[in-house]
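Here the sequence shown is numbered in my numbering, starting from 3 and rising by one per residue.
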Amino acid sequence: MTQTRITQMAEIIDSRLGVLSHIVNRAGKEAASEAALLSSRIAPDMHPFPTQVSFVCHQANGFAHFCGGPAPVQPEDSSKLNLEELQSAIASARQAVQSAAAIASDDLLSADKRMDLPGGQFLMLTGQSYFDDWLMPNIYFHMSMAYALARSLGVPLGKIDWMAFLGPKVQAG
């Protein structure tokens with residue numbers, strides 16, 4: 003069976019969710035204080051660690067919805083999620099992405115997708131542009147914030163953790 007572009011996109015999202023799960027796991031084990039981790043922010047006007055993780059899951063669930071899955075539901079107050087709830091949200095998003103992509107058609111990539119924005123504004127994007135210009139930048143932004151918050155608390159994460167999705171492709175010389 004030929005792999006579709008949608009299933010390739012789902013694999014990318016799934017692998018990044020796997021990296022996020024790893025970051026959350028390491029942060030939970032190696033941050034000096036779970037309370038400090040869960041309340042950490044880069045700046046006062048930015049969301050804390052749990053919300054950054056939750057936003058990644060919400061974007062992934064948005065992709066699943068785009069593929070025909072159920073509409074994503076954002077937690078009422080994601081800033082109050084604990085590490086176990088964050089890992090559960092990541093696992094649930096991974097499952098939603100895999101299930102929805104398995105039934106989706108690549109025809110979605112040329113269809114219009116409306117993205118509602120605050121203040122009654124919106125974007126009209128093709129499905130491909132939704133993935134390239136909206137979804138992946140948002141996923142990477144919020145993953146980067148979670149990574150940076152963990153690092154700011156002394157969690158010893160590095161590029162090998164961030165790029166862990168490449169591990170299976172590494173070959174011996």
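Don't be surprised by glycine CBs; every beta carbon is placed ideally from N, CA and C.
As the structure is a computational prediction, the values presented were derived from the model and not from experiment.
Could you give the C-beta distance for residue i and residue j, rounded to a whole number, given that I count them as a contact under 8 Å?
i, j, result
"G70", "A102", "6 Å"
"A66", "V21", "So it is not a contact: roughly 18 Å between Cβ atoms."
"V172", "R28", "Going by Cβ atoms, the distance from V172 to R28 rounds to 20 Å, so no, they are not a contact pair."
"Y132", "F68", "7 Å"
Just reading off the beta strand (DSSP E) that residue i is part of, what are its end residues?
i, result
"D114", "D114 to D118"
With DSSP collapsed to three states, give me the class of residue i.
i, result
"T128", "strand"
"N140", "helix"
"M11", "helix"
"Q76", "coil"
Where residue i and residue j are concerned, what is the direct C-alpha to C-alpha distance, given to the nearest angstrom?
i, j, result
"L137", "M117", "11 Å"
"Y55", "L155", "Checking the sequence, you will find Val at residue 55 rather than Tyr. Rounded to whole angstroms, V55 to L155 spans 16 Å at the Cα level."
"D163", "A12", "20 Å"
"T53", "K31", "19 Å"
"Q123", "D114", "16 Å"
"N140", "P170", "25 Å"
"L19", "G121", "30 Å"
"Q5", "D16", "15 Å"
"L168", "K161", "11 Å"
"M3", "D109", "Any reading at M3 must be qualified, since the residue scores a pLDDT of 46, below 50, and its modelled position is unreliable; the value itself is stated next. About 17 Å."
"L39", "H60", "20 Å"
Where do the ends of the alpha helix (DSSP H) carrying residue i lie?
i, result
"F68", "F51 to F68"
"S42", "Careful: S42 lies outside any alpha helix (DSSP H) and carries neither H nor E."
Taking C-beta to C-beta, are residue i and residue j nearer than 8 Å?
i, j, result
"H144", "V58", "yes"
"A106", "A62", "no"
"R7", "L111", "yes"
"A152", "I25", "yes"
"I44", "M147", "yes"
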